[in-house]
Every structure is written in structure tokens, then in C-alpha cells.
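Engineer: Next up is a structure, given as C-alpha cells.
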Amino acid sequence: GEDVEQSLFLSVREGDSSVINCTYTDSSSTYLYWYKQEPGAGLQLLTYIFSNMDMKQDQRLTVLLNKKDKHLSLRIADTQTGDSAIYFCAEILIYNQGGKLIFGQGTELSVKP
Amino acid sequence: GAVVSQHPSWVICKSGTSVKIECRSLDFQATTMFWYRQFPKQSLMLMATSNEGSKATYEQGVEKDKFLINHASLTLSTLTVTSAHPEDSSFYICSARVSGVVTGELFFGEGSRLTVL
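Note that the protein sequences, when read in sequence, are chains A and B. Just so you know, we're using my numbering here: the first sequence kicks off at 3 and counts up by one. Just so you know, we're using my numbering here: the second sequence kicks off at 3 and counts up by one.
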């Protein structure tokens with residue numbers, strides 16, 4: 003089935019690291035994504051990881067992928083108040099006409115000064 | 003990066019009227035566009051996949067006669083909410099994929115907030 007699960011809330015202090023976790027169910031997903039949504043806005047792609055990778059680092063962002071456990075995490079180093087937003091993980095399901103993204107519920111990150 | 007534009011950003015309409023939302027890829031061609039619906043504090047629910055030049059593919063439980071999708075060109079898809087009711091009030095977001103790139107990045111519009119009175 004298609005199911006992506008995330009914890010709903012995370013609160014951290016400015017300067018700390020944030021770790022947002024996600025589990026997915028489709029082992030055939032080739033790409034896994036992290037999107038950021040600020041209030042009243044669309045989604046902004048933060049980063050993605052190909053399924054044959056264990057880790058991807060992009061400036062303050064580190065993505066870890068455990069394919070065996072179907073677990074994906076996003077670490078934000080030196081979290082800033084501007085990082086406060088909702089973060090969605092998503093897996094791509096491939097079908098014969100292409101692929102579609104299935105999103106988790108989103109994790110609301112609150113950064114306290 | 004590629005830009006996807008949605009219009010209008012917000013719309014208020016009376017119950018029973020129809021509302022059209024446009025999704026444009028501004029600097030790339032998009033054979034496939036996706037329409038999502040998002041309720042407050044909730045995730046995005048895929049409504050349908052819009053394919054240029056052919057009928058849209060609707061997800062289970064989405065009424066195709068209620069939510070009309072037209073993808074007439076490689077840069078424009080429209081979602082028409084017909085005979086809107088208050089329960090149709092929601093945030094509608096479109097996304098587009100660059101043509102020919104099956105697993106590539108999806109670019110999202112800024113969303114359209116529909117309020118039906």
C-alpha cells in the first residue's frame with residue numbers, strides 16, 4: 003500500500019540540530035523527497051535522495067536513508083527561526099504512465115529563539 | 003529553478019458557482035501536472051494527474067465531474083470546481099514535472115485558497 007508516516011510536531015531551540023523522521027512503505031520507491039511549506043504557500047523542494055544512497059549532505063541539510071527499515075530522516079544543522087515551517091517527506095510511486103508523489107502528514111517544526 | 007504559477011491565489015465564491023484555477027509552467031514544458039488538495043494542518047492529497055492532450059487520471063474517491071481538469075497545452079492545466087459547496091473550501095496546489103523526466107523534481111505552484119460561502 004501507499005503510506006508515508008511522520009511525527010506531527012518538533013520543537014527545537016535556535017542553533018540546535020533538528021531531526022525529522024519519516025517511514026514509508028513502498029520498497030520500490032526510487033526517489034525520496036523532503037519538501038518545506040511555509041504558511042499559506044506552496045511546497046519548496048529541499049532535497050531528495052536516490053534509493054541506492056545511504057546519505058546525502060547539502061549545506062545544513064543531511065538526509066539519511068535506511069532502506070531495510072524504510073526509514074528516512076532529515077537533519078537540519080544550526081536550526082534558525084527561518085526554518086520554522088512544515089516539512090513533508092514524500093515517496094514516488096512509479097506506474098506505467100509515470101510517477102506520482104505520496105506525501106506524509108507533515109512535521110511542523112517550531113524553532114524557539 | 004523552474005517556476006510554476008497558479009492563479010488566482012485566493013478566491014471567494016458563492017455556493018453553486020463554478021471556479022477555475024490555472025496552473026502554468028512558466029519556463030519549461032510539462033507533459034504532466036498534478037493537482038493536490040490540502041486541508042488545514044494536513045498533508046497534500048493527490049486529486050488527479052493531468053496529462054497534456056488526454057484525459058486526466060483521477061484518484062479514488064475524487065469526483066471527476068465535480069473537479070474538471072483540462073491540460074490543453076504543455077504549459078497550462080486548469081482545475082474547475084463545478085457547483086462549489088462550502089465543503090469544497092480548501093487549499094489547492096498544482097505541481098508540474100519537466101517533460102521527459104519521469105522521476106525528476108516536481109515544481110509546485112504557490113497554491114490557490116478557495117472559500118465557498
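Think of the CB as a built atom: it goes at the ideal place given N, C-alpha and C, for glycine as much as any other residue. For clarity, every value in this text was computed on a predicted model and none was experimentally measured.
I want to verify the contact list: residues of chain B whose CB lies under 8 Å from the CB of A:Q107, in sequence order.
Structural biologist: As a first step, residue 107 of chain A is located in the first sequence; it is residue number 105 there, counting from the start. Near A:Q107 (Cβ distances below 8 Å), the residues of chain B are Q44 and S45.
Engineer: If the cut is a Cβ gap below 9 Å, which residues of chain A does B:L48 touch?
Structural biologist: Here residue 48 of chain B refers to the residue found at position 46 of the second sequence. By Cβ distance, chain A contributes K102, L103, I104 and F105.
Engineer: Under 6 Å Cβ to Cβ from A:L34, same chain only, skipping five residues before and after it: list those, please.
Structural biologist: For this step, residue 34 of chain A is matched to residue 32 along the first sequence. If we look at A:L34 and ignore the five residues flanking it on each side, its Cβ neighbours are I51, L74 and E93.
Engineer: Leaving aside the five residues before and after B:T84 along the sequence, list all residues of the same chain whose C-beta is less than 8 Å from its C-beta, in chain order.
Structural biologist: In the second sequence, residue 84 of chain B corresponds to position 82, counting from 1. Result list for B:T84: S20, D67, K68, F69 and L70, in chain order.
Engineer: Three Cβ pairs or more, each shorter than 8 Å: is that satisfied between the segment 53–63 of chain A and the segment 77–88 of chain A?
Structural biologist: A contact exists between the segment 53–63 of chain A and the segment 77–88 of chain A.
Engineer: B:I14 and B:L81 look like a contact to me (Cβ under 8 Å); what is the Cβ gap, rounded to whole Å?
Structural biologist: Looking up residue 14 of chain B in the second sequence gives position 12. Looking up residue 81 of chain B in the second sequence gives position 79. Between B:L81 and B:I14 the Cβ distance is about 17 Å, and since that is not below 8 Å, they are no contact.
Engineer: Using C-beta distances below 6 Å, list every residue in its chain close to B:R78, excluding the 5 sequence neighbours before and after it, in chain order.
Structural biologist: In the second sequence, the residue the question calls residue 78 of chain B occupies position 76. For clarity, residue 78 of chain B is Leu in the given sequence; the question names Arg instead. Closer than 6 Å at Cβ, skipping near neighbours: R26.
Engineer: For B:V6, tell me which candidate among B:A32, B:S17 and B:K16 has the shortest Cα-Cα distance.
Structural biologist: Reading the second sequence from its first residue, position 4 is the one you call residue 6 of chain B. Of B:A32, B:S17 and B:K16, the residue nearest in Cα terms is B:A32.
Engineer: Leaving aside the five residues before and after A:K58 along the sequence, list all residues of the same chain whose C-beta is less than 6 Å from its C-beta, in chain order.
Structural biologist: If you number the first sequence from 1, residue 58 of chain A lands on position 56. Once the five neighbours on either side are set aside, the close Cβ partners of A:K58 are I51 and V65.
Engineer: Does DSSP put A:T83 in a helix, a strand or coil?
Structural biologist: Along the first sequence, read from residue 1 onward, the residue named residue 83 of chain A stands at position 81. Three-state DSSP puts A:T83 in a helix.
Engineer: Please classify A:D71: does DSSP put it in a helix, a strand, or coil?
Structural biologist: For the purposes of this step, residue 71 of chain A is taken as the residue at position 69 of the first sequence. The answer is coil: DSSP assigns A:D71 none of H, G, I, E or B.
Engineer: CB-CB under 7 Å to B:S91, same chain, minus the five flanking residues each way: which ones, in chain order?
Structural biologist: Along the second sequence, read from residue 1 onward, the residue named residue 91 of chain B stands at position 89. Excluding residues within five positions, the ones whose Cβ falls inside 7 Å are L116, T117 and V118.
Engineer: Secondary structure at B:D90, three-state DSSP: helix, strand or coil?
Structural biologist: Residue mapping note: residue 90 of chain B aligns to position 88 of the second sequence, counting from 1. If DSSP states are grouped into helix, strand and coil, B:D90 belongs with the helices.
Engineer: Please list, in chain order, the residues of the segment 78–102 of chain B that have any C-beta partner in chain A closer than 7 Å.
Structural biologist: Within the segment 78–102 of chain B, the qualifying residues are I95.
Engineer: Could you tell me whether the Cβ of B:E65 comes closer than 7 Å to any Cβ of chain A?
Structural biologist: Locating residue 65 of chain B in the second sequence gives position 63, counting from the first residue. Chain A, which has no Cβ nearer than 7 Å to the Cβ of B:E65, makes this no.
Engineer: Could you spell out where the beta strand (DSSP E) holding B:S11 opens and where it closes?
Structural biologist: Translated into the one-based positions of the second sequence, residue 11 of chain B becomes position 9. Careful: B:S11 lies outside any beta strand (DSSP E) and carries neither H nor E.
Engineer: Quick one: what's got a C-beta closer than 7 Å to A:S9's C-beta in the same chain, skipping five residues either side?
Structural biologist: As a working note, residue 9 of chain A is residue 7 in the first sequence. Excluding sequence neighbours, A:S9 sits near N23 and T109.
Engineer: DSSP three-state label for B:F69, please.
Structural biologist: For the purposes of this step, residue 69 of chain B is taken as the residue at position 67 of the second sequence. Note: B:F69 maps to strand in three-state DSSP.
Engineer: If I measure Cβ to Cβ from B:W12 and keep anything under 6 Å in the same chain, skipping five residues before and after, which residues do I get?
Structural biologist: One-based indexing of the second sequence puts residue 12 of chain B at position 10. For B:W12, where only same-chain residues beyond five positions count, the Cβ hits under 6 Å are R115.
Engineer: Give the residues of chain A in contact with B:E112, contact being defined as C-beta atoms less than 7 Å apart.
Structural biologist: Walking along the second sequence from the start, residue 112 of chain B turns up at place 110. Here the neighbours are A43 and G44.
Engineer: For a minimum of 3 consecutive residues, which ranges assigned as the beta strand (DSSP E) are wholly contained in the segment 3–42 of chain A?
Structural biologist: The qualifying runs are 6–8, 11–15, 20–26 and 33–39.
Engineer: What are the residues that DSSP puts in a beta bridge with B:A98?
Structural biologist: For the purposes of this step, residue 98 of chain B is identified with residue 96 of the second sequence, where counting begins at 1. Paired residue(s): B:M35 and B:F109.
Engineer: Could you list which residues in chain B have their beta carbon closer than 9 Å to that of A:L47, in chain order?
Structural biologist: Here residue 47 of chain A refers to the residue found at position 45 of the first sequence. Those within 9 Å of A:L47 in chain B are G3, E107, L108, F109 and F110.
Engineer: Indicate whether B:A58 and B:D29 have their beta-carbon atoms separated by less than 7 Å.
Structural biologist: On the second sequence, position 56 is the one that residue 58 of chain B refers to. On the second sequence, position 27 is the one that residue 29 of chain B refers to. Not a contact, by the Cβ cut-off of 7 Å.
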